[in-house]
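First comes the structure, then the notes that go with it.
Protein chains: 4
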Amino acid sequence: MIIKEAIRDIIHNLEKMERDIDERILDNFIEILTSAANVFVLGLGRSGLVARAFAMRLMHLEINAFVVGETITPAINEGDVLIAISGSGRTSYIVNAASIARERGAKVVAVTSYPDSDLAGLADLTVTIKGRTKIDGEKDYMKRQMRGNHHSRTPLGTLFEISALVFLDGIIAELMERFDKREEDLHNRHSSFD
Amino acid sequence: MIIKEAIRDIIHNLEKMERDIDERILDNFIEILTSAANVFVLGLGRSGLVARAFAMRLMHLEINAFVVGETITPAINEGDVLIAISGSGRTSYIVNAASIARERGAKVVAVTSYPDSDLAGLADLTVTIKGRTKIDGEKDYMKRQMRGNHHSRTPLGTLFEISALVFLDGIIAELMERFDKREEDLHNRHSSFD
Amino acid sequence: MIIKEAIRDIIHNLEKMERDIDERILDNFIEILTSAANVFVLGLGRSGLVARAFAMRLMHLEINAFVVGETITPAINEGDVLIAISGSGRTSYIVNAASIARERGAKVVAVTSYPDSDLAGLADLTVTIKGRTKIDGEKDYMKRQMRGNHHSRTPLGTLFEISALVFLDGIIAELMERFDKREEDLHNRHSSFD
Amino acid sequence: MIIKEAIRDIIHNLEKMERDIDERILDNFIEILTSAANVFVLGLGRSGLVARAFAMRLMHLEINAFVVGETITPAINEGDVLIAISGSGRTSYIVNAASIARERGAKVVAVTSYPDSDLAGLADLTVTIKGRTKIDGEKDYMKRQMRGNHHSRTPLGTLFEISALVFLDGIIAELMERFDKREEDLHNRHSSFD
């Protein structure tokens, strides 16, 4: 079944991501998150959904989180941090927002597949999450062609998006431990109207 | 031009709304808004857009506002208030949410055309904003038929939605005065990324 | 009551808007809307809420409408139109989007207070909706100062946003007439889950 | 590192999910998706983000997809399908929506951890995606207590949400194959403004 191929590709990428976690970057990320007055998250398309999934859990942990583009998101200021999620690190609206955040004195964390991208260049900290890089994509394409199979099992940013989501859910596990928060504490903050 | 007929119908409804404002209800509403720990707003469809427009200005005024259904909206608790906007006052999700809010000890303000509706029945305070009521609708329909005109100029909830938006923007003007907030103060809270 | 002052300022702006409607621009706008394969709407902040309110009614009228930034919005192409709503006409994301739309062969309609703005410069058609212009703002401010009143009754883009919403609801009335759509037809397209 | 524990728990759940895929349910799901006039997706909270991520890819594949609660979502009718995502299968708004969809003649697919839930009871097809079930949760809790560790590594619906996202991305891979769609085809449908 093709679905099983796709899922195994996704799991494979997650395993690689888990192995490559750099403890210093992790500690730095958590330090930034826990010392910020407000955490702003930003992504477009499916990366925006990943950003929201993370922000919701931050809120459950009583961290002040805001999603750029939602209704009640205030101005960003010194002491705040922008978590900008972009696989390519080149989305112009996001690069622009990172630049605005810096000018206003806020920190920027880039979550991207490309540590050499414009977004990463602007960031105080870059968390590199490999999706299928362009080169992998080309290799995959050649392999698929040789097999007479023209279809990617994980099109566009799929691998990056899922790996970023899982990484950020791992960050939530770290924060729960450090803040001594139990599942019940999160449950108590959960929206009353779902 | 039909567009001019439509706009004049809208203005006419706004004028009626302005004349009918009840100072005690206004004061009560502002008292609830300013004493709440958190203000939650809720509406579906175009009423949901009105709710968001209001929440954004509350945030500009440094009132803790949340939109039910957006990402970072926490649980509602005692000391909070739910502003529930529904023309008919019968939308089941909203009536249900008002009921949950009450059970959890929060106050409820209904913004509706029907002070006898289920939603109003659950509310601590009802702000009545007339749209075209069902009876008006039928009268209009008969008039239009006699003129050979079958089209409403302000279909569905249009009059209610616009009048509710304008009323709530008037509440913002009241809050600015009471909190001694200037336009510049609001501007400073405005999202940095628009 | 301050709320009444605010509402009267809003009504006054609507009356001026209604008087200034230019029939040729109206006809041109409706021609573009009705001949487009797909209508994309775009705004940020409260202008984005106005854009959504318009798109919802277009959908009720069975026009293919999409909101830029929502989940299922596809690529824009030749034969489509982008309705870009920005009071200032200078919001960089929106000017950029208008420029992309043009490059891809789509038409652009600007809804703005500033017919000389960058956004208007890119547009095939500009619908000018006066809010409080900068100059009005300064005059208002001097008047308020002389009265010892430092507060605007309609801060930031309030007048533009409400007037744009009412104008676009007037366009809906025109479209209903031209397509011979009754309120009931719109009702049948209304979301089943509200 | 706790983050690694969390990621391994997530991978472990994905592996179990991949092994348990039932080919008849898969085929049935794809048959429903490809024969529907319109596909509506619905979820609340983080399940709603999963629903959106799926809808975006359906749109990339030129399937008519709509997200319940977004602006341009029309009425659901016979010939359409509602994909309702709820870990517990008990969220009242979702159970209610499923019931409305059935009454209106549409099909319902439940994506849930509980095949005996109210939502599954209403569905034409139930796709069971195990998260941490209540019983697992209690076992986990006892294990954690014995280790002196009170913290869940994957709180609330985390396992369900990620597994549902990955399953649905696997469905996209199946659909690409069946429709003979290449990554480039999806790219051409991708929003022009991101």
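Protein chains in written order, with the working numbering: chain A, 206 to 399; chain B, 206 to 399; chain C, 206 to 399; chain D, 206 to 399. Backbone N, C-alpha and C define an ideal beta-carbon position, used for all residues, glycine too.
Are the beta-carbon atoms of I268 of chain D and V246 of chain D separated by less than 8 Å?
Locating residue 268 of chain D in the fourth sequence gives position 63, where the first residue counts as 1. Locating residue 246 of chain D in the fourth sequence gives position 41, where the first residue counts as 1. Against a cut-off of 8 Å, the Cβ pair of V246 of chain D and I268 of chain D comes out as no contact.
For G362 of chain C and chain A, any beta-carbon pair shorter than 8 Å?
In the third sequence, counting from the first residue as 1, residue 362 of chain C sits at position 157. For G362 of chain C, the answer is no, since every Cβ of chain A falls outside 8 Å of its Cβ.
With a CB to CB cut of under 8 Å and the five nearest residues on each side skipped, what residues in its chain are close to V255 of chain C?
Stepping through the third sequence from its first residue, residue 255 of chain C is reached at position 50. Cβ within range, chain order: G248, I290, E366, A369, L370 and L373.
Among the residues of its own chain, which have a CB less than 7 Å from the CB of D323 of chain B, if the five just before and after it don't count?
Your numbering for residue 323 of chain B matches position 118 in the second sequence. Only G294, R295 and V300 meet the Cβ criterion.
Span of the alpha helix (DSSP H) around V371 of chain B
In the second sequence, residue 371 of chain B corresponds to position 166, counting from 1. T363 to F384 is the span of the alpha helix (DSSP H), which, as asked, contains V371 of chain B.
How is L249 of chain B classed by DSSP in three states: helix, strand or coil?
Taking the second sequence and counting its residues from 1, one reaches residue 249 of chain B at position 44. Coil, per DSSP.
Using the beta-carbon count (16 or more within 10 Å), is S240 of chain D buried or exposed?
Start at 1 with the first residue of the fourth sequence, and residue 240 of chain D comes out as number 35. That one is exposed.
Name the two residues that bound the continuous beta strand (DSSP E) containing L238 of chain A.
To locate residue 238 of chain A, count along the first sequence from 1; it is residue 33. Unbroken run through L238 of chain A is the alpha helix (DSSP H), E228 to S240; no beta strand (DSSP E).
Which residues in the same chain have their Cβ closer than 7 Å to the Cβ of D385 of chain B, if we skip the five residues on either side of it in sequence?
Numbered from 1 along the second sequence, position 180 holds the residue referred to as residue 385 of chain B. Correct list: empty, nothing qualifies.
Chain D beta carbons: is any one of them nearer than 8 Å to that of E228 of chain C?
Counting from 1 along the third sequence, the entry for residue 228 of chain C is found at position 23. Not an interface residue.
Between the CA atoms of S397 of chain B and P360 of chain C - distance to the nearest angstrom:
As a working note, residue 360 of chain C is residue 155 in the third sequence. As a working note, residue 397 of chain B is residue 192 in the second sequence. Going from the Cα of P360 of chain C to the Cα of S397 of chain B covers about 17 Å.
By alpha-carbon positions, which one of B:H392, B:R262, B:L330 and B:T363 ends up nearest to N233 of chain B?
By 1-based counting over the second sequence, the position of residue 233 of chain B is 28. Selected option, being the one with the closest Cα: B:L330.
Can you tell me whether DSSP reads L266 of chain D as helix, strand or coil?
Locating residue 266 of chain D in the fourth sequence gives position 61, counting from the first residue. Coil.
Quick one, are the C-beta atoms of A378 of chain D and E210 of chain A less than 8 Å apart?
As a working mapping, residue 378 of chain D is identified with position 173 in the fourth sequence. As a working mapping, residue 210 of chain A is identified with position 5 in the first sequence. Yes, these two residues count as a Cβ contact at 8 Å.
Pull up the DSSP beta-bridge partners for F271 of chain C, would you.
Counting from one through the third sequence, the residue named residue 271 of chain C turns up at place 66. Note: F271 of chain C sits in a beta bridge opposite C:F245.
Rounded distance between the beta-carbons of I212 of chain A and G284 of chain D, thought under 8 Å:
Mapped onto the fourth sequence, residue 284 of chain D falls at position 79. Mapped onto the first sequence, residue 212 of chain A falls at position 7. Not confirmed; about 30 Å, so no contact.
Of the residues that make up the segment 264 to 277 of chain C, which ones have a beta carbon closer than 8 Å to any beta carbon in chain A?
G274
Cα-Cα separation between H356 of chain B and P279 of chain C, rounded to whole angstroms
As a working mapping, residue 356 of chain B is identified with position 151 in the second sequence. As a working mapping, residue 279 of chain C is identified with position 74 in the third sequence. Looking at the two C-alpha atoms, the distance is approximately 32 Å.
Is the Cβ of F398 of chain C closer than 8 Å to any Cβ of chain D?
Counting from one through the third sequence, the residue named residue 398 of chain C turns up at place 193. Chain D contact via Cβ: present.
The beta strand (DSSP E) that contains A302 of chain D, what's its start and end?
As a first step, residue 302 of chain D must be located in the fourth sequence, where it is residue number 97. DSSP places A302 of chain D outside any beta strand (DSSP E); the residue lies instead in the alpha helix (DSSP H), whose first and last residues are S297 to E308.
Grouping DSSP H, G and I as helix and E and B as strand, with all else coil, what is A289 of chain B?
The count along the second sequence starts at 1 and reaches residue 289 of chain B at position 84. If DSSP states are grouped into helix, strand and coil, A289 of chain B belongs with the strands.
Measure the C-alpha to C-alpha separation of N282 of chain C and H395 of chain C and round it to an integer number of angstroms.
Working through the third sequence from its first residue, we reach residue 282 of chain C at position 77. Working through the third sequence from its first residue, we reach residue 395 of chain C at position 190. Computed Cα separation, rounded: 27 Å.
Using the beta-carbon count (16 or more within 10 Å), is G310 of chain C buried or exposed?
Position 105 of the third sequence, counted from the first residue, corresponds to residue 310 of chain C. It is exposed - the Cβ of G310 of chain C has fewer than 16 other Cβ atoms within 10 Å.
Under the criterion of a Cβ to heavy atom distance below 7 Å, does D329 of chain B qualify as lining the ligand ADP?
The ligand ADP is not part of the structure shown, which contains no ligands of any sort.
Could you say which of A:E236, A:L263, A:A242 and A:I207 lies nearest to D390 of chain A if we only look at CA atoms?
As a working mapping, residue 390 of chain A is identified with position 185 in the first sequence. Nearest option by C-alpha distance: A:L263.
For G250 of chain B, tell me which candidate among D:E236, D:G274 and D:I237 has the shortest Cα-Cα distance.
Translated into the one-based positions of the second sequence, residue 250 of chain B becomes position 45. It is D:G274.
What residue range is occupied by the uninterrupted alpha helix (DSSP H) comprising K312 of chain D?
Taking the first residue of the fourth sequence as position 1, residue 312 of chain D is located at position 107. Where K312 of chain D is concerned, there is no enclosing alpha helix (DSSP H), although the beta strand (DSSP E) it sits in stretches over K312 to T317.
Using a beta-carbon distance cut-off of less than 7 Å, what residues from the segment 231 to 263 of chain B approach chain C?
Of all residues in the segment 231 to 263 of chain B, L231, L249, G250, R251, L254, R257, A258 and M261 have a Cβ within less than 7 Å of some Cβ in chain C.
For a contact meaning CB atoms closer than 9 Å, what does I216 of chain A contact in chain G?
The chain inventory of the structure shown lacks chain G, comprising the protein chains A, B, C and D.
Quick check on the burial criterion: 16 or more other C-beta atoms within 10 angstroms. Buried or exposed for R383 of chain A?
Numbered from its first residue, the first sequence carries residue 383 of chain A at position 178. Flag for R383 of chain A reads exposed.
Let me see if you follow: with CB-CB separation under 8 Å, is R295 of chain B close to chain A or not?
Locating residue 295 of chain B in the second sequence gives position 90, where the first residue counts as 1. Under the Cβ criterion of 8 Å, R295 of chain B is not counted among the residues facing chain A.
Could you list which residues in chain A have their beta carbon closer than 9 Å to that of N282 of chain C, in chain order?
Taking the third sequence and counting its residues from 1, one reaches residue 282 of chain C at position 77. Neighbours of N282 of chain C on chain A: none; closest Cβ ~18 Å, over 9 Å.
Nearest by alpha-carbon distance to T363 of chain A: which of A:L380, A:Q350 and A:K335 is it?
In the first sequence, residue 363 of chain A corresponds to position 158, counting from 1. T363 of chain A has its Cα closest to that of A:K335, out of A:L380, A:Q350 and A:K335.
Among residues of its own chain, excluding the 5 on either side of A270 of chain A, which ones have a beta-carbon nearer than 7 Å to its beta-carbon?
Within the first sequence, numbered from 1, the residue matching residue 270 of chain A stands at position 65. Same-chain partners within the cutoff: V244, V246, A260, L263 and M264.
V314 of chain B beta carbon less than 8 Å from that of R307 of chain B
Mapped onto the second sequence, residue 307 of chain B falls at position 102. Mapped onto the second sequence, residue 314 of chain B falls at position 109. Going by C-beta atoms, R307 of chain B is not nearer than 8 Å to V314 of chain B.
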